[in-house]
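Read the structure below first, then the notes.
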Amino acid sequence: MEKQMKKMYEAIWEIFNQCPNNQMRDIFIDEIEIEDTDQFVRDKFKGKDVTFDRTDLEDGTIIYDIVASGIRQRYSFTEI
Numbered sequence: 540m541e542k543q544m545k546k547m548y549e550a551i552w553e554i555f556n557q558c559p560n561n562q563m564r565d566i567f568i569d570e571i572e573i574e575d576t577d578q579f580v581r582d583k584f585k586g587k588d589v590t591f592d593r594t595d596l597e598d599g600t601i602i603y604d605i606v607a608s609g610i611r612q613r614y615s616f617t618e619i
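Residue numbers (the numbering used here): 540 to 619.
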């Protein structure tokens, strides 16, 4: 199996507020170097009841819509 090259990404992690009248959300921004965004998401939420959908945008951004232990979250990866 061929090893993937690591890439640098700007990673944006959004945790959506569960309160119906509160539109605020927690947002964390980081620069990370990883080989595989799918594996990063799996490792990040390991041990939790998690489902996710991946969307690849035309500009190369990769978005994961995640539900982990009942909390809606989103990870966006943009290569830098």
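Just so it is clear, CB atoms sit at the ideal spot from N, CA and C, and this is done for glycine as well. Since we're looking at a predicted model, the values are computed, not measured.
Original post:
Taking C-beta to C-beta, are GLU572 and MET547 nearer than 8 Å?
Top reply: yes
Subject >> Residues sharing a beta bridge with VAL589, DSSP >> reply: ALA607
Subject >> Same chain only: Cβ atoms within 6 Å of ASP604, ignoring 5 sequence neighbours per side >> reply: ASP592, ARG613
Subject >> Complete runs of the beta strand (DSSP E) confined to the segment 541-569 [at least 3 residues] >> reply: 546-555
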